[in-house]
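Report on one structure; see the data block that follows.
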Amino acid sequence: MAGRIEDYALIGDMQTAALVCRDGTADWLCLPRFDSHATFAGLLGTEEHGFWRIGPAHPSGAAPPHADRRRYRGDSLVLESEWDTPRGTVRVIDFMPPRDGAPQLIRIVEGVSGRVPMRSSLRMRFSYGRVVPWVHKVGDRTVAVAGPDSVWLDTSAETFGKDLTTYSDFTVSPGERVAFTISWQPSHREAPALPDPEGSLEATEEFWREWVEHCTYHGPYRDAVVRSLITLKALTYAPTGGIVAAPTTSLPEDIGGSRNWDYRFTWLRDAAITLSSLLRTGYREEARAWREWLLRAVAGDPENLQIMYGIAGERELGEAELPWLPGYESSTPVRIGNGAAGQLQLDVYGEVTEALHLAHMTGLARNDYASLLQLRLIGYLEDHWNEPDEGIWEVRGPRRHFVHSKVMAWVAVDRTIKLLESGDVDGPLERWRELRDDIHRDVCEKGYDKERNTFTQSYGSKELDASLLLIPQMGFLPPDDKRVIGTIEAIQRELSTPDGFVLRYPTAGEDAGVDGLEGDEGAFLACSFWLADDLAMIGRVDEARQLFERLLALRNDLGLLAEEWDPRLQRQVGNFPQAFSHVPLIDTALRLTASSAFGG
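Under this note's numbering, the first residue of the sequence shown is numbered 39, with each subsequent residue one higher.
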């Protein structure tokens with residue numbers, strides 16, 4: 039059985055990522071890209087679907103012991119796990135070196151004290167656990183081959199095969215190090231180069247050390263901010279600049295339920311807000327790479343902007359189910375691909391335009407096509423802003439006039455007007471000023487409930503929606519506007535859990551709710567950070583700081599967050615780690631630091 043979601047650590051090479059549990063098991067790894075088929079899919083099934091465990095030897099049939107301690111080495115993505123056993127202490131160092139060639143997962147076992155018996159158990163399965171490869175020796179190397187894939191195992195330890203698994207039993211003494219490396223290669227190619235585990239470890243640590251040095255944030259929450267930045271960098275697909283929402287699929291938002299989605303794609307919304315956080319903390323190169331990815335992804339058809347694309351800009355992301363996988367803690371179905379790619383979500387135009395605006399304002403080198411794209415996006419919105427859509431949360435029910443979508447359409451027009459006013463490009467300035475006023479008036483008349491003094495989820499509805507918390511942050515209305523304060527207080531009353539975290543919107547249990555889905559979900563962490571932001575903006579800084587610090591306490595021991603927090607089970611749920619949780623953590627830290635600087 040897979041561990042709790044918060045029991046996992048992330049390691050990665052900015053092209054794919056692995057999740058490693060406290061017991062030393064790598065339960066999830068897709069090769070060679072984030073969105074490739076999984077070689078280890080035990081996270082969504084059983085050990086039969088692929089895993090790799092390295093840890094102290096334990097009796098057959100007994101659960102493998104959890105590490106007594108684990109941490110990342112400084113500000114890096116190099117994981118260290120330590121076990122104290124009756125025979126001594128042992129350390130396992132896990133990492134994936136940033137690469138130009140074959141992807142590698144390297145695991146170095148180091149004796150700390152005593153003589154500790156160890157075991158490596160490697161069960162490779164291709165196509166999400168469905169295909170058992172042909173495993174054989176090529177000289178001193180072990181290779182698993184099936185179809186287009188091959189995975190090569192290199193180690194100085196002796197190995198043997200049993201029950202379709204490759205084992206190695208060995209003992210380490212103080213100072214002794216035994217390395218294991220798996221490398222993926224297309225099966226028709228020659229063997230990958232022999233690995234250099236120690237040299238790769240040194241280079242990987244140096245890469246992260248140099249990258250973190252560019253961080254311009256030095257406030258009281260630096261450790262949390264830097265760990266979130268490293269996580270966002272790890273979710274960036276280096277060859278193209280695309281950013282995945284999470285490296286996993288089908289980790290449930292409701293344990294045992296069906297709210298299970300594939301997040302291994304680039305949502306324009308998630309990527310745009312990630313870009314803004316990176317820009318505000320000193321990472322301009324990542325911003326430039328994402329802007330270039332965006333321009334390639336939407337090239338030729340900006341009027342039909344998709345809400346998400348593949349990490350290289352692919353448009354076809356058809357959704358399918360994998361019936362042979364029983365799901366994480368029996369949460370089915372397991373899905374790959376994402377049918378929401380074809381939805382209309384008008385807010386995306388606002389997020390993309392806001393990101394391009396911020397890049398322009400922070401001095402990123404001008405790109406004429408980026409400006410042209412922005413103008414064409416507004417040209418589309420001019421004709422379509424007043425249509426219903428599926429909204430920020432990708433509802434699978436009927437389209438509605440979502441208030442947040444209209445607000446973000448206003449943002450798109452507003453930021454483009456600022457671009458025109460700067461004199462860098464020409465456009466119909468007066469016409470778009472009128473459009474901006476029309477959208478603003480429409481939202482305030484149709485999306486606001488005067489009796490309750492709150493904006494609502496959609497025109498004519500009574501439901502609330504946590505995305506309304508973005509109204510003051512986007513500049514649609516000032517923070518001291520009574521309608522803004524009323525909305526914040528209404529969300530606190532009606533969408534907050536007993537511990538003060540925020541639900542996205544009401545769900546309906548066994549009945550289909552406003553999103554067209556059955557089942558409930560946990561508190562949405564991004565929305566909870568948004569509430570802390572808003573509280574700081576309206577002057578309730580102490581309350582904002584208390585909420586922020588409660589949210590920080592939800593991170594696992596390595597500083598990682600999933601998408602949601604289940605207040606009933608007191609555990610993280612949803613895909614992990616989630617960019618959409620780490621980005622607002624950074625944003626709120628920046629706002630609270632600024633509030634403290636000005637005596638808030």
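Even for Gly, the Cβ is constructed at its ideal location relative to N, Cα and C.
Whole-angstrom distance between residue j and residue i, CA atom to CA atom
i	j	result
Gly348	Leu458	32 Å
Leu589	Phe567	8 Å
Phe89	His75	14 Å
Thr626	Gly435	32 Å
Ala546	Trp249	For Ala546, the predicted model reports a pLDDT of 44, less than 50, meaning its position is unreliable; a value from the coordinates is still stated below. Going from the Cα of Ala546 to the Cα of Trp249 covers about 45 Å.
Phe493	Ile509	10 Å
Thr319	Pro124	46 Å
Ile268	Gln53	14 Å
Gly126	Val150	7 Å
Leu628	Ala574	11 Å
Ala284	Asp51	14 Å
Ala403	Glu392	16 Å
Ala591	Glu420	44 Å
Ala528	Tyr110	40 Å
Lys27	Asp519	No information on residue 27 is available, as it lies outside the stretch 39 to 638 that the chain covers here.
Asp549	Phe303	Residue placement at Asp549 is flagged as unreliable, the pLDDT there being 45, under the threshold of 50; a coordinate-derived value is accordingly withheld.
Phe679	Arg329	The chain is shown only over 39 to 638; residue 679 falls outside these bounds and no answer can be derived.
Glu44	Thr63	14 Å
Leu360	Gly597	31 Å
Ile526	Ala40	38 Å
Gly139	Arg609	38 Å
His96	Arg542	44 Å
Met346	Gly401	27 Å
Phe198	Thr180	10 Å
Asp234	Pro94	24 Å
Nearest residue (CA-CA) to residue i, options the options
i	options	result
Leu467	Arg542, Tyr418, Arg42, Leu413	Leu413
Glu602	Ala570, Leu289, Asp406	Leu289
Gly461	Ser409, Cys253, Trp305	Ser409
Gly417	Met39, Gly388, Gly152	Gly388
Ser159	Val183, Glu148, Ser98	Ser98
Met162	Pro230, Thr193, Glu86	Glu86
Thr203	His174, Thr219, Glu214	His174
Ser643	Glu359, Leu270, Leu117	There is simply no residue 643 to check, as the chain begins at 39 and stops at 638 in what is shown.
Gln584	Leu569, Gln608, Glu243	Leu569
Leu69	Pro622, Met134, Tyr407, Tyr110	Met134
Val449	Val433, Leu396, Ile529, Thr400	Leu396
Leu384	Glu432, Val210, Ala447, Arg474	Ala447
Ser634	Val621, Gly577, Glu532	Gly577
His478	Glu196, Glu489, Asp452, Trp331	Asp452
Phe562	Gln616, Asp572, Gly237	Gln616
Val176	Ala140, Phe164, Asp132, Leu232	Leu232
Val445	Asp480, Ile455, Gly167	Asp480
Thr286	Gln381, Pro517, Leu343, Tyr166	Tyr166
Pro424	Leu382, Val463, Ile455, Gly465	Note that residue 424 is Asn in the sequence shown here, rather than Pro. Comparing Cα-Cα distances from Asn424 to each of Leu382, Val463, Ile455, Gly465, the minimum goes to Leu382.
Val216	Val154, Asp427, Glu243	Val154
Ala632	Gly257, Ser194, Leu67, Glu251	Gly257
Gln495	Val463, His439, Arg521	His439
Cys565	Leu623, Ile523, Arg247	Leu623
Ser266	Ser114, Ala55, Ala504, Ser443	Ser114
Supposed contact pair residue j and residue i - C-beta distance, whole angstroms, cut 8 Å
i	j	result
Phe292	Glu559	It is Asp, not Phe, that sits at residue 292 in the sequence shown. About 5 Å separates the two Cβ atoms, so the contact holds.
Val386	Leu313	Going by Cβ atoms, the distance from Val386 to Leu313 rounds to 13 Å, so no, they are not a contact pair.
Asp65	Leu81	4 Å
Phe78	Met156	Wrong, their Cβ atoms sit about 19 Å apart, outside the cutoff.
Thr278	Gly213	Thr278 to Gly213, Cβ: 42 Å. No contact.
Leu415	Pro340	6 Å
Ile144	Ser238	6 Å
Ile131	Glu118	6 Å
Val116	Glu243	6 Å
Gly377	Glu354	With a Cβ gap of about 11 Å, Gly377 and Glu354 do not count as contacting.
Counting only runs that start and end within the segment 153-217, where is the beta strand (DSSP E) found for 3 or more residues in a row? As far as the segment 153-217 is concerned, its whole beta strand (DSSP E) runs of at least 3 residues are 154-161, 172-176, 179-184, 187-193, 198-200, 203-210.
Check whether the segment 284-298 and the segment 364-375 touch, using three or more Cβ-Cβ pairs below 8 Å as the test. Taking 8 Å as the limit for Cβ pairs, the verdict is that the segment 364-375 does touch the segment 284-298.
Is it true that the segment 100-109 meets the segment 50-65, where meeting means three or more beta-carbon pairs spaced less than 8 Å apart? Contact between the segment 100-109 and the segment 50-65 is present, with at least three C-beta pairs closer than 8 Å.
Determine contact between the segment 254-274 and the segment 170-187, defined as no fewer than three beta-carbon pairs at a distance below 8 Å. As far as the Cβ criterion goes, the segment 254-274 does not touch the segment 170-187, which means the pair count is below three.
Count Cβ pairs between the segment 207-227 and the segment 177-192 that sit closer than 8 Å; are there 3 or more? With a cut-off of 8 Å on Cβ pairs, the segment 207-227 is in contact with the segment 177-192, counting three or more such pairs.
4 or more residues per run - each alpha helix (DSSP H) lying fully within the segment 432-510: Within the segment 432-510, complete alpha helix (DSSP H) segments of at least 4 residues are found at 441-459, 467-484, given in chain order.
Using 8 Å as the Cβ pair cut-off and three pairs as the minimum, do the segment 425-434 and the segment 472-480 touch? No, the segment 425-434 does not touch the segment 472-480.
Are the segment 534-542 and the segment 598-615 in contact at 8 Å, needing three or more beta carbon pairs? The segment 534-542 vs the segment 598-615: in contact.
Contiguous alpha helix (DSSP H) assignments of at least 4 residues, all confined to the segment 233-278: Secondary structure within the segment 233-278: the alpha helix (DSSP H) runs of 4 or more consecutive residues, fully enclosed, are 235-250, 260-272 (chain order).
Just to confirm the assignment: which complete beta strand (DSSP E) runs, minimum length 3, are found wholly within the segment 60-105? Annotation: the segment 60-105 contains the following complete segments of the beta strand (DSSP E) (minimum length 3 residues), in chain order: 63-68, 76-78, 89-94.
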